[in-house]
Each structure stands twice: as structure tokens, then as C-alpha cells.
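Report on the following structure.
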Amino acid sequence: MAKRQPARSVSMTAPIGGLNARDSLAAMPPQDAVILDNFFPTPTTVDLRSGYSKWSTGYPAAVDSLMEYNSATSTKLFAASGAGIYDATLQGPVGAAVVGSLNSSQWEHVNFGTPGGQFLYAVNGADSPLLYNGTAWQAVTASSSPIAISGVTTSSLTHVNVFKNRLYFVQKDSFKVWYLAVNSIGGTATALDLSPLFKLGGHLVAMATWTIDNTSGVQEYAVFLSSEGEIAMYQGADPSSATDWAIVGMFRIGHPIGKRCFCKVGSDLIVICADGFVPLSKVLLTDRSQQQEAVSAKIVNLVNEDARLYGTSFGWQPILYPIGNKFIINVPTSAGKTQRQYVMNTVTGAWCRFIGWNANCFAVSHDKLYFGGNYTDTNNKGYVAIADTGYSDDGNLIQGEVKGAFNYYGSPGLLKRFTMVRPIFHTSGNMVAALAMDVDFDNKAPTATPTYSNIDGTLWDVAEWDTFYWDGAMSIKKSWQGISGVGYSGALHMKIVNNASPVRWMSIDVVFEVGGIL
């Protein structure tokens, strides 16, 4: 009779290395994860993400744009929905539109300060640009008052940027950029025709300002991006001066995805393109074949698949959320109904994916993260939500799903029978995870239903000591659960739910028996 092997126990950290969709399943680092949905990796734990709550409601259609206005004395948040612009600054039901009779709700905007005050400028390529001065809105045309722009059909302007104290506007479906005088919000626009530079055709998509600190000191460059992924980079302050305005170089990346494809992160510019989420500082030193230079290199296969399936959908947007240590890429996945986000921890560079925030656009205002969305029913009404707050999605459970890296547990050539696991959490309430062990690169989600319930507590100094739970107390939760699975390698597959408290996953213990080679 064969002697039964003694059980072994292995303890592992939660997958703080984050989502990995690049490396071989057989050689993935043990601190990484094959699936990491609604879990945010930190340097020490993996936390169930925070939730959201509706900030303002009653919009006639999906909220496609959020525009923040900041001056020395005032902060405003505006939302574009249907044919109108709405003031979303205050919480609660939204009032009447502050601007109406518009053709598009997909706006690009900048804040621009002059000696005359602080202004919000917005363009969409379908309507006349809108200008907000802190008190009132006006449409800007060649004959508008008090501000007008002449020399160009203003409704053809689709992107706006500030560079060296000038406003620059990209003209729709062209390689023309129009700029105003220094510190001006109106006047005669002057054309800058960049068409001779771009050999692959297409049109300009966006312009950005890139600040680089090098041996020559802090330098600002104007960056122009075409629909085919060509980049022209200029330095200088006056495009009308041949001695001051000069091209620095031409470069190429994958074609950009969406109009909101640029995001400033630190001193770098990140571009959403067919090659992933690419920092310009790396791209300009290499070429398109070196995808490892993208910040999204570790999730490259997921990103490429989403770009292939949804690259033409509206809603792609990068945004930096500094106070949350998050860099967020919004991905529209199904006709404006079900969006998701790739989220990177800016401290560690680890990625995860958020599901349940059905966002068309994001904005950060006074260190708070907002998104504009729409209900997933047939009415398609919109709302503005404040995100990364609380422990529920507007009162609903948040479900997290994780599948760790496959692990041979020190014996790659020996068969194992997995019997028990024990995840260790720091949380409150009663939480029961749904657990399974996927073996030998299989993918079988847990069949059980995860549960969560609040613990009914009591007041201090009322109940007898050691007979009641103290309400809301955070504590270590750990309990063994039986599992089954026979294979050479195993990956923990887990689902949890919560709507009332933080959940920090710290580690996992696995018990198994080792058999023979066959």
C-alpha cells in the first residue's frame, strides 16, 4: 500500500504585482494576477476598490463631457448632455441648461488665464466654441460680442490647447492649426498649415504641451499628433517667426485612439494609441516595434484587443488622479452602455481593471474624481457621479474577482491534490469568499456565491465583555475553506462582495498533498 504523503502548506502574498496579460502562464511571477477586477494593488495589500455615488441627476441624455473651471475665487463643474451644457457644481437634481440648442455633447476644453481674468474655452467641431468667464457663457463666432474670433469658421475647431500663453485650435479634418495673439481669447486667428510635414496623410487629432527638464533647463515643446500616429514637435513661442519657431523632429507611434488621447503625467505625456499607453519620452527614443516602452506593457494583450474591438467608440480617455495614486484609462465597450477602466497604481506601476463604473468621461476637481455616465436602461438618461468614494456602487454591492498566477509550489514535476485555502483579509463585517483552485492553466470561475453582511454591534460599556461584536471594527478575517483540484500547478480563483467597509487582502495560505509524477 502506497504511503500517503503528508500535507504541505504554502503562504503567499496577495498579488501586489498587479494584472499581467503579457507573460506566459507557466512563467508568470507569483505576485502577479491573470484576472484582477475591482481589486487595486498597493505596495502592501490588494484592496477592493472604492465605490461611487450619484452627484447630480436628471440629465436628458448620457453625460459625454465634464469641464472644470477654476479661478482664484470660484470653482465650477459643467456637464455636457444631449443638446445642452449644465452646471453640475452642486449635488442633487440638475437645473436647466446654461447653454442650449447644441449639436454635440463631445467637448474638449482648457482653462486659460489672461490679465483680464480666467476663462474656460470649449470646442467640439460641430458648434461655435463656448467661452465661460466665471459668470456667463457665450458662443464665439466672427461677429459675436463681447469676444469674437475672425479668420476661421469657428464651428470647425475641434481641439484646443494652451502653449506659451497662446490659444491654439485644431481645425477639423485638416492639418491646419489656428492660433491667437499672446494672452488673447479673441481677435484674428492665424493659420499654421502643417500638411507638408505629415507623409502618411489623415488629419490632425490633437495638440499638447510637453515640458522637459534637460541639460538646457526647462523646455516647453508643442506636440502635434495626426490620425495616422505621426508626431511633429516644435519649440519656440511665435509661429510667425522663422527664427523663433522651429521643428525639433518627426516621430511615429500607433494611430491615436479617441480625441482625448493625451494626458500629462508628471513631466511626461502619455498617449493612448494602437501601441498601448505610450509615454512620449520613451517613444521618441525608440520605434513602434519596442512595445515594452509603453506603460501598459504588462497588460499589452488586453489593451490591443480592446483597441481592436472598440477603438472607434467614443469615450476613451486617460486621466491622472493624484490623490488616489491612480492613472485611469477609460475604455468604452458597448455603445456607451458598459464601460470599464484600466487603472495603474502610480506608486508601484501595477495595473488592475475596474468594472461597474459606466463612465463616458472623467474629471478631477478639487482633488475629487467625477465621471459622467448614463443609466443602462432604454431611456439612456445621464448622471454625474463622484467616484473612488465609499464602499458601494451607489448602494449596490461591489464584486471583486481575482485569479492569481499559476504556481508549481516548489515541485514543478509532481502532481498535487489541493484541499484547503485560507485568504487573509483586513475588514469588518462577515464576508465569505467564493473560492476555487484552477489547475494546469484551466479557467473555471468559483461556482459558489460570495456573501457579505454587516456585523450587528453594540455600544461600548453596554454589553457584557467578549459576548458581542464592536460595531464597525476592522479586524483580521481568516478562515479555512475546502477546495478540490488535482494538477501540477494551481491558481487561486476568488470572488468577494462588499458594500459597507474597506477590504484589504493581505495573503493566502494553500494546503495540498504531493503525489507522483503521473
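Just so you know, the sequence shown maps onto residues 722 to 1239 in our numbering.
Ideal placement from N, C-alpha and C gives every residue a C-beta, glycine not left out.
Coarse secondary structure for T875, derived from DSSP in three states: helix
Since A953 contacts I968 with CB under 8 Å, what's their CB separation in whole angstroms? 6 Å
Cβ neighbours of L1118 in the same chain (closer than 6 Å, five flanking residues each side left out): V1218 and N1220
Length at least 3, wholly inside the stretch 762-828: the beta strand (DSSP E) runs in chain order: 767-769, 773-780, 784-791, 796-802 and 805-808
Buried/exposed call for I991, threshold 16 Cβ in 10 Å: buried
Are P751 and N1128 touching if we call contact CB-CB under 8 Å? Yes, they are a contact pair.
In chain order, what residues of the same chain have a beta carbon less than 7 Å from the beta carbon of G779, not counting five sequence neighbours either side? P814 and V815
Cβ-based burial, K1165 [other Cβ within 10 Å; buried from 16]: By the Cβ neighbour-count rule, K1165 is exposed, with fewer than 16 other Cβ atoms within 10 Å of its own.
Drop a sphere of 10 angstroms on the beta-carbon of D1115, count the other beta-carbons inside from all chains shown, and report buried for 16 or more, exposed for fewer. exposed
With DSSP as the reference, identify every bridge partner of R729, one or two as the case may be. F1233
Got a sec, what are the start and stop residues for the alpha helix (DSSP H) L1001 sits in? L1001 to V1004
Based on the DSSP secondary-structure assignment, which residues constitute the bridge partners of T1268? Since the first residue of the chain shown is 722 and the last is 1239, residue 1268 is not available in this structure.
Measure the CB-CB distance between V1207 and L1135 and report whether it falls below 8 Å. no
The beta strand (DSSP E) with L1023 in it runs from where to where? Unbroken run through L1023 is the alpha helix (DSSP H), V1021 to Y1031; no beta strand (DSSP E).
Do the CB positions of Q784 and N1095 come within less than 8 Å of each other? In the sequence as displayed, the identity of residue 784 is Val instead of Gln. In contact: V784 and N1095 (Cβ atoms closer than 8 Å).
Straight-line gap, I1204 to V881 (C-alpha atoms, nearest Å): Near 57 Å, if we compare the C-alpha coordinates of V881 and I1204.
What number of angstroms, rounded off, separates the C-alpha of G1070 from the C-alpha of T763? Going from the Cα of G1070 to the Cα of T763 covers about 10 Å.
CA-CA distance, A857 and S865? 14 Å
Flag this pair as yes or no: are the beta carbons of H976 and G957 separated by less than 8 Å? no
DSSP state of V1183 mapped onto helix, strand, coil: Its pLDDT being 47, under 50, V1183 is placed unreliably by the model, and the measurement read from it follows with that caveat. If DSSP states are grouped into helix, strand and coil, V1183 belongs with coil.
Cross-strand partners of I870 (DSSP beta bridge): G908
Any chance you could list the beta strand (DSSP E) runs of at least 3 consecutive residues sitting entirely within the stretch 1051-1133, in chain order? Complete beta strand (DSSP E) runs here, min 3: 1060-1066, 1072-1076, 1080-1086, 1089-1095, 1103-1108 and 1119-1125.
How big is the Cα-Cα spacing for Q827 and K1199? 48 Å
Taking 8 Å as the cut-off, decide whether the C-beta atoms of D1230 and V1142 are in contact. Taking 8 Å as the cut-off, the beta carbon of D1230 is found closer than this to the beta carbon of V1142.
Nearest neighbour of I1044, chosen from P1167, G821, S988 and D1109 [CA to CA]: If we check each option's Cα against that of I1044, D1109 comes out closest.
Return the first residue and the last residue of the beta strand (DSSP E) that A1212 is part of. G1211 to N1219
Rounded C-beta distance between Y842 and L888? I'm assuming under 8 Å. 7 Å
DSSP on A1166, reduced to helix/strand/coil? coil
Terminal residues of the continuous beta strand (DSSP E) containing H1147? K1137 to T1148
Give me the Cα-Cα distance between G855 and Q940, rounded to the nearest whole angstrom. 31 Å
Tell me which residue opens and which closes the beta strand (DSSP E) that V1207 is part of. Q1202 to G1208
Between the Cα of T909 and those of A943, S877, L925 and A863, spot the shortest distance and give me the residue it belongs to. A863
Taking only the alpha-carbon atoms, compute the straight-line gap between L823 and S877 and give it to the nearest angstrom. 14 Å
Looking only at its chain, what residues have a beta carbon closer than 7 Å to the beta carbon of G922, apart from the 5 residues adjacent to it on each side? E949
Excluding five sequence neighbours on each side, which residues of the same chain lie with their C-beta closer than 6 Å to the C-beta of K897? A912 and D914
May I ask you to list the residues that DSSP assigns as paired with D914? DSSP lists K897 as partners of D914.
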